[in-house]
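Visitor: The structure that follows is given in the form of structure tokens.
Chains as they are written, first to last, in the working numbering: chain A, 8 to 243; chain B, 8 to 243.
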């Protein structure tokens, strides 16, 4: 099999630690920080799927909203779920929500990111992000993590207004790099994302950071690892 | 506004209590029954969305699998998540999974179901189910709950191989009843389902059985209640 020529990384959960908001969440909602971070993240993903599933067949994706807005909506939901008082008095919680959203703009990057991206660049491999995030949000996250010089492409699904795992979202990777899906390795820490990308036809690495089972839908990722370094094995 | 002529109910969570498996789950997985039931249910819904989102643009819905199979896959995932030993020795857990799946076939019905369906029938309203479940699974659940005589239609998304909230799934309700979406009330305990149906154009009742916030995506259901009886208010 031909060696791949590019590696595209999912951003949220893969390069950036979406649970790094947990500490602030715990300060703002004592005893409930971990739950808030989990509900927030789950709802954020759920909203991407809800709008994309509901948009199908309808012209112009009427329910699509950029990832930043869905992230905000998901946070509002999460706060209202764990703090019922927020349902009738949202004003009292707005400042906390704003603090958490600001933190989300500058998520921690995982420690091995730079080293892996540098190793790929030194071998002449094309690198990029392929994310549900919209361009502005991704730009801030990439600069904030000091990764600008190491990424050839920062690709957002916003151009097609359809979230992963819609095939049109994954197809943005082919379109922007000018490569075929067989020439691209897609890396994600999200099992559902690794699955969707595998279905699409990318070679995939699932970075199982939290020792979870893979999705039980019959299609394994090409490779599985516990951190990003394993992506280099595609080029040995 | 014209009075509606039909009421279509979601099945799982709305007429049938998906958490009624919790007691058996607690016996089989002591101390973890509630968590297992929650992960199982969340994953089941997640899988419906994953396959439908990934199928879009691809001919013939290649990733679609009937709801019973997705329910089984979700249970396998849930057991492997909470019992890591099951990942390497699934055989030791297979009998427990089978017991839980058998229980799922005969979920408890909510107590007000019969009374509300009878009241609708006595007013000449068309009644039905519009569910992600496939026909066989729905047939068993309906008979098991003694609701056969009270439902004019048992409609499954299986005919279009697309899960809610895909508009084609909701459109099955119009197609089978021969009514327009404006003439139909759709009832669901699942906030996402009430939202999808509202976007589609049904009049909707969200039965908020668990005192949760509604989805924060800008579109409220037509009505909200804590049990099914409120559906009669559409006909007052």
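Idealized CB from N, CA, C, for every residue including glycine. Fair warning: this is a prediction, and the values are worked out from it, not measured in the lab.
Go through its chain and collect everything with a Cβ distance to residue 169 of chain A's Cβ below 8 Å, but skip five positions before and after it.
Guide: 59, 62, 68, 71, 175, 176.
Visitor: On the three-pair Cβ rule with 8 Å, is the region 32-48 of chain A touching the region 79-88 of chain A?
Guide: Short answer: they touch.
Visitor: Is the Cβ-Cβ distance between residue 215 of chain B and residue 20 of chain B less than 7 Å?
Guide: Not closer than 7 Å, so no.
Visitor: Anything in chain B within Cβ reach of residue 84 of chain A, meaning under 8 Å, just list it in chain order.
Guide: Residues of chain B passing the Cβ test: 220, 222, 223.
Visitor: Sorted by chain position, which residues of the same chain lie with C-beta nearer than 6 Å to residue 205 of chain B's C-beta, five sequence neighbours on each side aside?
Guide: Within the same chain, residue 205 of chain B has close Cβ partners 211, 226, 228.
Visitor: Which partner residues does residue 95 of chain B have in the DSSP bridge list?
Guide: Note: residue 95 of chain B sits in no beta bridge, so no partner.
Visitor: Quick one: which chain B residues come within Cβ less than 7 Å of residue 45 of chain A?
Guide: The contacting residues do not exist; residue 45 of chain A stays about 11 Å from chain B at best.
Visitor: Thinking C-beta only, is residue 195 of chain A closer than 7 Å to residue 24 of chain A?
Guide: It is not a contact, given that the beta carbons lie outside the stated cut-off.
Visitor: Report yes or no: is there a C-beta of chain B within less than 7 Å of the C-beta of residue 239 of chain A?
Guide: Output row for residue 239 of chain A: interface = no.
Visitor: Going along the chain, which residues of the region 170-195 of chain B sit with their C-beta nearer than 7 Å to a C-beta in chain A?
Guide: Under the 7 Å Cβ criterion, the region 170-195 of chain B contributes 172, 173, 174, 175.
Visitor: What ranges does the beta strand (DSSP E) occupy inside the region 171-216 of chain A, keeping only unbroken runs of at least 3 residues that lie completely in it?
Guide: The qualifying runs are 191-195, 210-214.
Visitor: Run through the DSSP bridge pairs and tell me what residue 16 of chain B is partnered with.
Guide: Beta-bridge pairing links residue 16 of chain B to B/136, B/194.
Visitor: Can you tell me whether residue 221 of chain A is helix, strand or coil according to DSSP?
Guide: If DSSP states are grouped into helix, strand and coil, residue 221 of chain A belongs with coil.
Visitor: Can you find the residues in the same chain that come closer than 8 Å, C-beta to C-beta, to residue 113 of chain A, ignoring five residues on each side of it along the sequence?
Guide: 147, 148, 151, listed in sequence order.
Visitor: Quick check on residue 45 of chain B: does DSSP put it in helix, strand or coil?
Guide: Three-state result, residue 45 of chain B: helix.
Visitor: Is the beta carbon of residue 158 of chain B less than 7 Å from the beta carbon of residue 184 of chain B?
Guide: No, the Cβ-Cβ distance between residue 158 of chain B and residue 184 of chain B is not below 7 Å.
Visitor: Against residue 94 of chain A, what residues of chain B qualify as contacts under a CB-to-CB distance less than 8 Å, listed in chain order?
Guide: Within chain B, the residues near residue 94 of chain A are 220.
Visitor: How long is the line joining the alpha carbons of residue 100 of chain B and residue 131 of chain A, rounded to whole angstroms?
Guide: So the alpha carbons of these two residues sit roughly 47 Å apart.
Visitor: Would a check of beta-carbon distances place residue 230 of chain A closer than 7 Å to chain B?
Guide: It does not; no Cβ of chain B falls within 7 Å.
Visitor: If you compare alpha carbons, which of A/208, A/193, A/172 is closest to residue 53 of chain B?
Guide: Ranking the options by Cα distance to residue 53 of chain B, first place goes to A/172.
Visitor: Can you list, in chain order, the residues of its chain whose CB lies under 7 Å from that of residue 128 of chain A, leaving out five sequence neighbours each side?
Guide: So the qualifying residues of the chain are 134, 157.
Visitor: Could you tell me whether the Cβ of residue 56 of chain B comes closer than 7 Å to any Cβ of chain A?
Guide: Chain A contact via Cβ: present.
Visitor: Identify the residues that DSSP records as bridge partners of residue 230 of chain A: which are they?
Guide: Looking at the DSSP assignment, residue 230 of chain A forms a beta bridge with A/212.
Visitor: Quick one: residues in its chain with C-beta nearer than 6 Å to the C-beta of residue 137 of chain A, no 5 flanking neighbours on either side, listed in chain order?
Guide: Same-chain partners within the cutoff: 15, 162, 180.
Visitor: To the nearest whole angstrom, what separates the beta carbons of residue 11 of chain A and residue 192 of chain A, a pair I think is in contact under 8 Å?
Guide: Contact holds; Cβ gap of about 5 Å.
Visitor: The alpha helix (DSSP H) spanning residue 123 of chain A covers which residue range?
Guide: 120-129 is the span of the alpha helix (DSSP H), which, as asked, contains residue 123 of chain A.
Visitor: Would residue 30 of chain B and residue 119 of chain B be called neighbours here (beta carbons separated by less than 7 Å)?
Guide: No, Cβ-Cβ distance for residue 30 of chain B and residue 119 of chain B is not below 7 Å.
Visitor: Going by Cα to Cα distance, which pick from A/43, A/95, A/102, A/223 is closest to residue 3 of chain B?
Guide: The structure shown does not extend to residue 3 of chain B, since chain B spans only 8 to 243, so no value can be given for it.
Visitor: Can you tell me whether DSSP reads residue 167 of chain B as helix, strand or coil?
Guide: Looking at residue 167 of chain B - three-state DSSP - the assignment turns out to be coil, as it is neither helix nor strand.
Visitor: Are the Cβ atoms of residue 74 of chain A and residue 140 of chain A separated by less than 7 Å?
Guide: Their beta carbons are under 7 Å apart, which means residue 74 of chain A touches residue 140 of chain A by this criterion.
Visitor: Taking Cβ-Cβ distances shorter than 9 Å, what residues in chain B pair up with residue 65 of chain A?
Guide: Neighbours of residue 65 of chain A on chain B, chain order: 174, 206.
Visitor: Just to confirm the assignment, what range does the alpha helix (DSSP H) spanning residue 3 of chain A have?
Guide: As shown, chain A starts at 8 and ends at 243. That puts residue 3 of chain A outside it, with no answer to give.
Visitor: Is the CB of residue 15 of chain A under 7 Å away from at least one CB in chain B?
Guide: Answer no: the Cβ-Cβ gap between residue 15 of chain A and chain B never drops below 7 Å.
Visitor: Would you mind sorting residue 8 of chain A into buried or exposed? The rule is 16 or more other CB atoms within 10 Å of its CB.
Guide: Residue 8 of chain A is exposed by the Cβ-count criterion.
Visitor: Leaving out five residues on either side along the sequence, give the residues of the same chain with a beta carbon under 7 Å from the beta carbon of residue 5 of chain B.
Guide: The requested residue 5 of chain B does not occur in the structure, where chain B is confined to residues 8 to 243.
Visitor: Against residue 87 of chain A, what residues of chain B qualify as contacts under a CB-to-CB distance less than 7 Å, listed in chain order?
Guide: Correct list: 220.
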